[in-house]
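Engineer: 113 is the number that our numbering gives to position 130 of the sequence shown; each next residue is one higher, with no gaps.
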Amino acid sequence: MIKSIHQTIRLIFAICILVNFTRTASASADDSTGATRVASWKDDRTAAFMLMFDDGWPGQLQVAIPELQKRELTATFYMVPDKGEYKTLAPKWAEAIKGGYIIYGNHTMTHQGVRDYEHAQTEILECTRIIREELQPIPGKPNRLISFAQPGVPKGKWTLPKEDLIRVLEEDNMIKRPTFRGHGAISHLQELEQMTALAEEAIASQGTEYLILHGVERIGSKWQDFWALKQDIFLPLLDYLAEKQAANELWITDHISWHQYETERNAASVKLLQANDSKIELELTASVNPELYDLPLTLITNVPAEWSECQIKQGDRTALVSVTDGKIIYDALPNGATIQISAKK
Ligand SMILES: [Zn+2]
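(1) So, Glu78 versus Pro41, is the Cβ gap smaller than 8 Å?
(2) So which residues touch the region around ligand 1, with touch meaning a C-beta under 5 Å from any heavy atom?
(3) Determine the extent of the alpha helix (DSSP H) in which Met178 is found, giving its start and end residues.
(4) By alpha-carbon positions, which one of Ile322, Glu101, Gly96 ends up nearest to Ala258?
(5) Could you say which of Val46, Leu265, Leu275, Ile86 lies nearest to Ile329 if we only look at CA atoms?
(6) In three-state DSSP terms, what is Leu194?
(7) Counting beta carbon pairs with one atom in the segment 21 to 30 and one in the segment 212 to 225, are three or more of them shorter than 8 Å?
(8) What span of residues does the beta strand (DSSP E) with Asn285 cover, start to end?
(9) Within its chain, find whatever has a CB closer than 6 Å to the CB of Gly17; leave out the 5 residues flanking it on each side and keep chain order.
(10) For Gln95 and Lys75, I'd like the C-alpha separation in whole angstroms.
(11) Please classify Gln243 as buried or exposed, where buried requires at least 16 neighbouring CB atoms within 10 angstroms.
(12) Below 8 Å between beta carbons: does that hold for Glu352 and Leu221?
(13) List the whole-angstrom C-beta distance separating Gly198 from Gln189, where the pair is believed to meet the contact cut-off of C-beta under 8 Å.
(14) Ile129 and Ile114 look like a contact to me (Cβ under 8 Å); what is the Cβ gap, rounded to whole Å?
(15) Take Arg98 and list the residues in its own chain whose beta-carbon comes closer than 6 Å to its own, dropping the five residues that flank it on each side.
(16) What would DSSP say about Thr105, mapped onto helix, strand or coil?
(17) According to DSSP, what are the bridge partners of Leu212?
(18) What number of angstroms, rounded off, separates the C-alpha of Glu109 from the C-alpha of Leu303?
(19) Hey, could you find the ends of the beta strand (DSSP E) Lys336 is sitting in?
(20) In or out: Arg164 buried (at least 16 other Cβ within 10 Å) or exposed?
(21) Please check the pair Met92 and Thr105, which I expect to be a contact at CB under 8 Å, by giving their CB distance rounded to whole angstroms.
(22) Alpha carbon to alpha carbon, how far is Lys145 from Ala251? Give it in angstroms, no decimals.
(23) Output yes or no for whether 8 Å exceeds the beta carbon distance between Leu212 and Ile239.
(24) I need the DSSP call for Gly334, collapsed to helix, strand or coil.
(25) Count the other CB atoms, across all protein chains shown, that sit within 10 Å of the CB of Asn272; report buried if there are 16 or more and exposed otherwise.
(26) According to DSSP, Arg330 sits in a beta bridge with which residue or residues?
(27) Between Asn156 and Leu278, how many whole angstroms is the CB-CB distance? I'm expecting something under 8 Å.
(28) The alpha helix (DSSP H) spanning Ala132 covers which residue range?
(29) By alpha-carbon positions, which one of Glu266, Ile149, Phe60 ends up nearest to Tyr84?
(30) Can you tell me whether DSSP reads Gly42 as helix, strand or coil?
(31) At what residues does the alpha helix (DSSP H) containing Arg164 begin and finish?
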């Protein structure tokens, strides 16, 4: 009896290995025209990395934002609209987004804690309203997703039950950012190498990492931000990230774009409608709410060997892409019109 159980287990193992092997082999060997995969991360980059800045300190406006924009690095800034620093600098925060690469997130109105569900209606929801309507309105997207970062407050000041927080966030399309633990510049990570090691881990695992910052050093200023990161660490860190982004190793993005991409990619499927020597037609669907999840995904499609440049059409969007090793890399919107790919004549 015992022997036969062992034999059965061994047989099941053998079948599993065989099935797995066949799957892997067919996935990597599928070079047929029209075969398509969804890239793990945007532009088929190796990994994702996020920079998050808390509390709206002046050094973020004066140093971090211009340095990020110069290097085309995107970051999320978590705002506290009822805080003194914000009030005096509000017009500058609204102005800063004109240079791009900045997405605002919710860090509550006062950073003083939330008592209960009722209190959350002002302390949390009002911050989201200000971001959507005043600080960073996006036409046609009045209810877009907003990232939420729970502030650290004195003991006893945050008594909102966990399930009520989840309810508040769900009711107003907010997404909680990952934990501060182990990811804070200065509070957890002091050296440049510790911060770049986070990014190296993301690349090695083809996954995601992030760094949460507070202040940034303002050279020559009498007053410094809370937990101000020295510029001789901050600027080399940005140079390192820009280099990794240029090498396609990192997708440096904001929390909501990251969340949208990951959610859509996990729910996506590609259907090949037709493929021949002159045309490929695909359908990209994802079981998500298209109003909130409207970030294009990156697809990689095999095209006929003789094609050198392709025209891609999805609804009224068109793009021209060149072929590399018989493949094209391009963006497409899930749940949109069918994707038409043809050789450029
Ligand atoms: Zn904070």
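Ideal Cβ positions, reconstructed from N, Cα and C, are used throughout, including at glycine. Treat the numbers as computed from the prediction; the structure is a model and nothing was measured.
Structural biologist: Taking the coordinates as given:
(1) No.
(2) Asp37, Asp38, Pro134
(3) From DSSP, the alpha helix (DSSP H) with Met178 extends over 175 to 188.
(4) Ile322
(5) The shown model of the chain, from -16 to 328, leaves out residue 329, and the question about it has no answer.
(6) strand
(7) no
(8) That run of the beta strand (DSSP E) goes 280 to 285.
(9) Contacts found: Leu255, Ala258, Ile263.
(10) The straight-line gap separating the alpha-carbon atoms of Gln95 and Lys75 is approximately 24 Å.
(11) buried
(12) With the chain covering -16 to 328 only, the question about residue 352 has no answer from this structure.
(13) At roughly 32 Å, the Cβ-Cβ gap does not stay under 8 Å, so Gly198 and Gln189 are not in contact.
(14) Between Ile129 and Ile114 the beta-carbon gap is near 6 Å, inside 8 Å, which marks them as a contact.
(15) If we look at Arg98 and ignore the five residues flanking it on each side, its Cβ neighbours are Thr142.
(16) helix
(17) The partner list for Leu212 (beta bridge, DSSP) reads Val199.
(18) 43 Å
(19) Beyond the ends of the chain as shown, which are -16 and 328, falls residue 336; an answer cannot be given.
(20) exposed
(21) 7 Å
(22) 30 Å
(23) no
(24) This structure gives no information on residue 334, because the portion of the chain shown stretches from -16 to 328.
(25) exposed
(26) The shown model of the chain, from -16 to 328, leaves out residue 330, and the question about it has no answer.
(27) About 14 Å; that fails the 8 Å criterion.
(28) Premise fails: Ala132 is in no alpha helix (DSSP H) and is neither H nor E.
(29) It is Phe60.
(30) helix
(31) Note, Arg164: premise wrong, no alpha helix (DSSP H); not H, not E.
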